[in-house]
Amino acid sequence: AQRVTQPEKLLSVFKGAPVELKCNYSYSGSPELFWYVQYSRQRLQLLLRHISRESIKGFTADLNKGETSFHLKKPFAQEEDSAMYYCALNLAQGGSEKLVFGKGTKLTVNP
Amino acid sequence: DTGVSQDPRHKITKRGQNVTFRCDPISEHNRLYWYRQTLGQGPEFLTYFQNEAQLEKSRLLSDRFSAERPKGSFSTLEIQRTEQGDSAMYLCASSLDRGQGNEKLFFGSGTQLSVL
């Protein structure tokens, strides 16, 4: 079955500490993975996608096919990083975005 | 605001009533998606349109649900004979498909449905 697992419902760190939000997936094909973020009272928005291999707001995520993981990392967390983070897997072929989302991890960065 | 617009923001209805939601995508976007999100869960895919054509529907979309995008611009999602299990946030998203993949989804603020 195709699914995305985010094992941590809540994650709390102090400002300046490293943070890692875990994501594991189950998919028989070649995975296309994303991280979405939702800040308080804002819309869900794309943070980054694995094929772009980019760093957004200091966050990076590396696809590990052996471990079927796509963990999100930031070396020094900031208070403004506090948000809900969703890992998502694209099931669609042909370029559309039929996404399966994990249940999300609520990150709180304390001062 | 030139982003994805959804109306209404909140809808409270009684079980058995019909409801209709509207989504206005970003104007040049040719793809439009509907997702549903319940408390404590991530969004779940319902359906998507390429211009006016509805190309895929999730098995989550029962016969009571119907979505349209008549002119390839705005879309409506109708739920007939609502049930308490339909209570959720209904999210619309749009994107521009240039035939190269890597499209970026832009989400609306959602319509929160409560069925009493």
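Chains as they are written, first to last, in the numbering used here: chain A, 2 to 112; chain B, 1100 to 1215.
C-beta: ideal position from N, C-alpha, C; glycine also.
Problem set entry | CB contact flag (Thr1181(B), Val1118(B), <8 Å) | yes
Exercise. Any chance the CB of Gly1139(B) is under 7 Å from a heavy atom of the ligand GDP?
Worked result: Among the components modelled here there is no ligand, and therefore nothing to report on the ligand GDP.
Problem set entry | Length of the line joining the Cα atoms of Ser1(A) and Pro112(A) | Beyond the ends of chain A as shown, which are 2 and 112, falls residue 1(A); an answer cannot be given.
Problem set entry | Ser1161(B) (DSSP reduced to helix, strand or coil) | coil
For this session: Consider the Cβ of Lys75(A): report whether some Cβ of chain B lies at a distance smaller than 8 Å.
Result: no
For this session: Count the other CB atoms, across all protein chains shown, that sit within 10 Å of the CB of Asn58(A); report buried if there are 16 or more and exposed otherwise.
Result: For clarity, residue 58(A) is Lys in the given sequence; the question names Asn instead. Its Cβ having fewer than 16 others within 10 Å, Lys58(A) is exposed.
Exercise. Considering only residues of the same chain and omitting the five flanking positions on each side of His72(A), which have a CB-CB separation below 7 Å?
Worked result: Glu21, Leu22, Lys23, Cys24 and Ala62
Exercise. Apart from the five residues on each side of it in sequence, which residues of its chain come closer than 7 Å, Cβ to Cβ, to His1128(B)?
Worked result: Ser1193, Ser1194 and Leu1195
Exercise. Relative to the alpha-carbon of Pro76(A), which residue among Phe15(A), Glu9(A) and Gln3(A) has its alpha-carbon at the smallest distance?
Worked result: Phe15(A)
Exercise. If we count the other Cβ atoms within 10 Å of its Cβ and call it buried at 16 or more, is Gln1105(B) buried or exposed?
Worked result: buried
Problem set entry | CA-to-CA distance, Gly1141(B) to Gln1179(B), given in whole angstroms | 24 Å
Exercise. Under a three-way DSSP split, which group does Glu80(A) fall into?
Worked result: helix
For this session: Tell me His72(A)'s beta-bridge partners as DSSP assigns them.
Result: Answer is none; His72(A) lacks a bridge partner.
Exercise. Quick one, which of Glu33(A), Val38(A), Ser70(A) and Leu47(A) has its alpha-carbon nearest Leu92(A)'s?
Worked result: Glu33(A)
Exercise. For Tyr87(A), which residues in chain B fall below 7 Å Cβ to Cβ?
Worked result: Gly1141
For this session: State yes or no: is the beta carbon of Ser1174(B) nearer than 8 Å to at least one beta carbon in chain A?
Result: no
Exercise. Taking Cβ positions only, does Glu1155(B) come closer than 8 Å to chain A?
Worked result: yes
Problem set entry | Cα-Cα separation, Gly67(A) to Tyr26(A) | 11 Å
For this session: Check whether the Cβ of Gly1171(B) lies closer than 8 Å to any Cβ atom in chain A.
Result: no
For this session: Identify, in the order they occur along the chain, each residue of the same chain with its Cβ nearer than 7 Å to the Cβ of Thr1146(B), setting aside the five sequence neighbours on each side.
Result: Trp1133, Gln1153, Glu1155, Lys1156, Ser1157, Leu1160 and Ala1166
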